[in-house]
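Trainee:
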Amino acid sequence: MIKILFVCLGNICRSPTAEGVFRQKLSQNGIRDGYLENIFVDSAGTGAYHVGKEPDRRSQDIALKYGVDLNDLKARRITLQDFADYDYILAMDQDNIQDMKAICPPDQQHKIKLFMEYAQDCPGITEVPDPYTGGIEGFDRVYDFIDRGCNGFLKYLFANNKL
Ligand code: 4NP
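Basically the numbering used here = 1-based index in the sequence shown + 2.
1) Give the DSSP-derived three-state secondary structure of Tyr90 in the structure shown.
2) Tell me which same chain residues have a C-beta within less than 8 Å of the C-beta of Gly140, skipping the five on either side of it?
3) Do the stretch 47 to 66 and the stretch 28 to 37 meet, that is, are 3 or more Cβ pairs less than 8 Å apart?
4) Is the stretch 70 to 83 touching the stretch 3 to 19 in the sense that three or more CB pairs, one from each, lie closer than 8 Å?
5) Ignore the nearest five residues each way along the sequence and tell me which others in Gln62's own chain have a CB closer than 6 Å to its CB.
6) To the nearest angstrom, how far is it from the Cα of Gln122 to the Cα of Ile148?
7) Whole angstroms are fine: how far does the CA of Glu39 sit from the CA of Pro129?
8) Tell me whether the beta-carbon of Val9 lies closer than 8 Å to the beta-carbon of Asn98.
9) Bridge partners of Arg79, per DSSP?
10) Can you determine whether any heavy atom of ligand 1 sits closer than 7 Å to the C-beta of Gly136, and answer yes or no?
11) Just the residues with CB closer than 7 Å to a heavy atom of ligand 1, in chain order, which are they?
12) Bridge partners for Val9 per DSSP, in chain order?
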């Protein structure tokens with residue numbers, strides 16, 4: 003099984019959006035994710051501010067426009083066990099990378115990657131910016147980046163794994 007964890011700070015805006023969007027793309031390609039499938043997708047935050055909460059209303063509303071329902075997701079904080087359990091730990095920004103590398107065991111650090119590195123059509127964009135304190139247009143931009151990053155990561159997975 004391939005296990006993928008999307009990570010941001012609060013786990014209420016960017017990473018749950020990535021989880022939902024990626025799951026939708028898998029499904030559109032005839033691939034189911036879950037405990038009993040070949041692929042398992044989840045998201046987590048490096049911070050604990052919003053643990054147990056559903057995704058931010060603004061993220062949910064934009065995702066719904068594209069047919070992605072985030073309503074059932076609940077924020078959680080990344081754990082040490084996640085570093086052992088997941089194969090790909092995809093960070094939304096450099097702060098997420100730093101925060102994870104500070105606690106991740108050395109032999110698992112190679113699993114931590116910048117999510118946008120997989121986006122093939124966003125030259126120069128390396129991070130999905132934190133939209134939390136900004137306006138709604140920031141959320142639209144985040145959705146667009148996440149959509150492109152998920153396309154690129156799915157291509158990468160298809161090219162490098164049997165799914
Ligand atoms: P996220 O956005 O990391 O994309 O979930 C944030 C949500 C909440 C906060 C920061 C970022 N916060 O500081 O409360």
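Built from N, CA and C at the ideal position, the CB exists for glycine as well. These figures come from a predicted structure and were not determined experimentally.
Mentor: Reading off the structure:
1) strand
2) Pro131 and Pro133
3) no
4) yes
5) Leu72
6) 12 Å
7) A small fix is needed here, since residue 129 is Glu in this sequence, not Pro. Approximately 30 Å, taken between the alpha carbons.
8) yes
9) Gly47
10) no
11) Cys10, Leu11, Gly12, Asn13, Ile14, Cys15, Arg16, Ser17, Gly47, Gly49, Tyr51, His52, Asp58, Met94, Asp132, Pro133 and Tyr134
12) Ala46 and Ala93
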